[in-house]
Amino acid sequence: VLLSWVGPTSGAAIKFDKAPPWRILRVDFGGDFGESWICEITRLLRLCRFQKARPARAFVISGSANSLHSWPESLSDHPAESHAMRNRGKLRLRFDEGLAIREAISCAKKIRGIHSEANYHYISTSTLRCAQMPLPRPEGLPDFENPPLTEVVVSIQFPGPTSYSDVYAGEIWSLFKNDFPTVQEMLPLPPNFEVFGGPEVPGLKLNIGLVTGPIRKRYWFLSLDNTELIQFQPDRFIHNWRKVKKENNTYGHFEEIIEKYAIELARLDEHFQKKSWGPLVPNQCEVTYVNQMPLVDENGAEIPLSFYFRNIDPSSVGAVSDFAFNLRTPFLDEKQQPIGRLYIECSTGIDDEGKPLIGLNLTMRGAPAEPSCASALKLLEAGRTQIDKTFVKITSDAAHKKWGRTK
Amino acid sequence: MNAQTNPFSPQTWQRDTARTRISEVVGFPFNPVRVTLSEPQVTWADEVRARLNHVCSLPVGWDGYHGRPTRFDAAEFALRLLQRVCKPHTPAPFIVPLPCGGLQIEWHEKSAIIELGIRAPMEVDAFVADPSLSDDGEERSLTVDFSFILPWVHKLGGSIENKSAA
Chain A
1 VLLSWVGPTS GAAIKFDKAP PWRILRVDFG GDFGESWICE ITRLLRLCRF
51 QKARPARAFV ISGSANSLHS WPESLSDHPA ESHAMRNRGK LRLRFDEGLA
101 IREAISCAKK IRGIHSEANY HYISTSTLRC AQMPLPRPEG LPDFENPPLT
151 EVVVSIQFPG PTSYSDVYAG EIWSLFKNDF PTVQEMLPLP PNFEVFGGPE
201 VPGLKLNIGL VTGPIRKRYW FLSLDNTELI QFQPDRFIHN WRKVKKENNT
251 YGHFEEIIEK YAIELARLDE HFQKKSWGPL VPNQCEVTYV NQMPLVDENG
301 AEIPLSFYFR NIDPSSVGAV SDFAFNLRTP FLDEKQQPIG RLYIECSTGI
351 DDEGKPLIGL NLTMRGAPAE PSCASALKLL EAGRTQIDKT FVKITSDAAH
401 KKWGRTK
Chain B
1 MNAQTNPFSP QTWQRDTART RISEVVGFPF NPVRVTLSEP QVTWADEVRA
51 RLNHVCSLPV GWDGYHGRPT RFDAAEFALR LLQRVCKPHT PAPFIVPLPC
101 GGLQIEWHEK SAIIELGIRA PMEVDAFVAD PSLSDDGEER SLTVDFSFIL
151 PWVHKLGGSI ENKSAA
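First to last, the sequence lines map onto chains A and B. First residue of the first sequence? That's 1 in my numbering, and the numbers climb one at a time after it. First residue of the second sequence? That's 1 in my numbering, and the numbers climb one at a time after it.
Structure, rendered in structure tokens:
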């Protein structure tokens, strides 16, 4: 059985336009991977944790159907990767940027050591090279050069640990402090669940003020440039990307956001387990796209309300100064059972400079198929796909042209 | 639409969303055009809300042992569930706490017996039975889709309407 390993480096053997924010430690197994994985993978993961290297997401690709079937639930295999690498027996552990290279290499050497004891053979260390692999973008999604997107939010909700106290918030912050050095305190978000049955009886809220015990805070951990933040409260974990005018930052892709979020989630999960708060058990997850579409162009000329929409023309009733609509549609799983909802919220308004615009928010919220972080991440990705497709359906071709649609 | 339901109002932003203010659109003030008579009077709302607040406010050991108060997320889930299965004039259910931090919602009427044991959000043991029949009723484990109990709950609504008509 041949085994090689590829440690993460900052080299550029593989060309990408933009370096993704993670690195991969790759271990290649030859032969029948299915025979060796049970003991080896467990040891690898334990070792990674011991080495403070966080396997945020692992892909296992094997020629053996049995080994795929038995793969730990918390680590998902990616279909695209699986397809590309089938029969070649590889395990990839993805690390975040904050991990020092030497730590990762040290980890890789330890892994070599383990396999050495198991009488495996290795390709020499000269095989060390950059192994950065971005998460593939699903086929058929639209691409815009200048989308009207101003904010993307990914979030999971889970049962908060009963022994949590706000004094532990500092520990949570310390997990992310390097990248998110600023803290703000906010009111907590109430729990939210998508439930199905008949039509909803509207307007009922619980009085949170009467509940026994203290009200926990929600914390914002902000990046230096304010373009990204993590929101934490005992039963929620959220990552926001947002457009900040003075930073002139542009939206990359959802893949970048979800990869970061997956790493942060793994870090939080690890901390929860360390504190004996148990693993994170997501019961709802949510992805939101916030769009702002100006109603005056660069020259100050008015853009009609109907310009942005494919089949909605508010001006059909005459001169319309303001309008709003809300749509809700069930989000179905593979068995066509409802698991969540897609919310489309639209309203005229003004931006922070007082210029008129249309706000268009698309949110998918629902329950993951399994109560695991991997399953929640899958649902977030599926939600994003649904949001992208819906956005294209309801917005006009003229608007797409304005935003520079390339796909 | 009024400010409470306008998704772009600052109140909504603070209360319900994970979005941040930086990309928030400030909605134009919509003058609410309301016809009060057209709004459904939800007869069970006040009683349910009071009861949920009560079971969430219980002290630890409320049952004489180590019973925990109902968790807020379980109560919130129960409210969402009721909003989806009840009609505005459905009789208010009995709500009792469970020692594990969950709660049980019950209706015991001539037309139907319904018990919904909510151990945690999305962990619901449902039991329904027709008192006029001698069978053992039916039990199911439910998560987010409560279509199964919908016709049973609607049976309860019918009995109230008859009372009102009388």
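Every residue, glycine too, gets a C-beta built ideally from N, C-alpha and C. Note that the coordinates shown come from a computational prediction; the quantities given were computed from them, not determined experimentally.
- Between glutamate 47 of chain B and chain A, the shortest Cβ-Cβ separation is not below 8 Å.
- As for any alpha helix (DSSP H) of minimum length 4 sitting wholly inside the segment 33 to 104 of chain B, the runs are 45 to 56 and 72 to 85, ordered along the chain.
- The beta strand (DSSP E) runs lying completely inside the segment 204 to 272 of chain A and spanning 3 residues or more are 218 to 222, 228 to 233 and 236 to 242, given in chain order.
- Listed by position along chain B, the residues whose Cβ is nearer than 9 Å to that of glutamate 200 of chain A are Arg80, Gln83 and Arg84.
- From the beta-carbon of glutamine 337 of chain A, the residues of chain B found nearer than 7 Å are Asp145.
- Neighbours of proline 91 of chain B in chain A, taken as residues at a C-beta separation under 9 Å, are lacking, since the least C-beta distance is about 14 Å.
- Proximity to serine 111 of chain B across B:Val42, B:Glu123, B:Val55 and B:Pro151 peaks at B:Pro151, based on C-alpha coordinates.
- For leucine 189 of chain A, DSSP records no beta bridge to any residue.
- The residue from B:Thr143, B:Val124 and B:His89 with its alpha-carbon nearest to that of isoleucine 105 of chain B is B:Val124.
- For the segment 161 to 189 of chain A, the beta-carbon criterion of a distance under 9 Å to any beta-carbon of chain B is satisfied by Thr162, Met186, Leu187 and Leu189.
- With a 10 Å radius around the Cβ and a threshold of 16 neighbouring Cβ atoms, methionine 186 of chain A comes out exposed.
- No Cβ of chain A is located within less than 8 Å of the beta carbon of alanine 112 of chain B.
- In the structure shown, leucine 116 of chain B falls within a strand segment according to DSSP collapsed to helix, strand and coil.
- Within chain A, the C-beta atoms nearer than 8 Å to that of alanine 18 of chain B come from Val153, Ser155, Leu189, Gln231, Arg236, Ile238, Asn240, Glu286 and Thr288, in chain order.
- For glycine 170 of chain A, the closest C-alpha among the options A:Met293, A:Gln233 and A:Cys285 is that of A:Gln233.
- Counting only Cβ-Cβ distances below 9 Å, glutamate 194 of chain A has contacts in chain B at Arg80 and Val144, in chain order.
- In the three-state reduction of the DSSP assignment, alanine 374 of chain A falls in the helix class.
- Close partners of proline 159 of chain A in chain B (Cβ separation under 7 Å): Asp73 and Ala120.
- Under the 8 Å criterion on CB atoms, phenylalanine 77 of chain B is classed as interfacial with respect to chain A.
- Taking C-beta atoms as the reference points, tryptophan 241 of chain A and valine 152 of chain A count as a pair closer than 8 Å.
- For threonine 182 of chain A, the CB contacts under 6 Å within the same chain, skipping 5 residues up- and downstream, are Leu222 in chain order.
- Around the beta carbon of valine 317 of chain A, fewer than 16 other beta carbons lie within 10 angstroms, which makes this residue exposed.
- By the criterion of a C-beta distance shorter than 6 Å, alanine 382 of chain A is surrounded by no residue of its chain, once the five residues flanking it on both sides are discounted.
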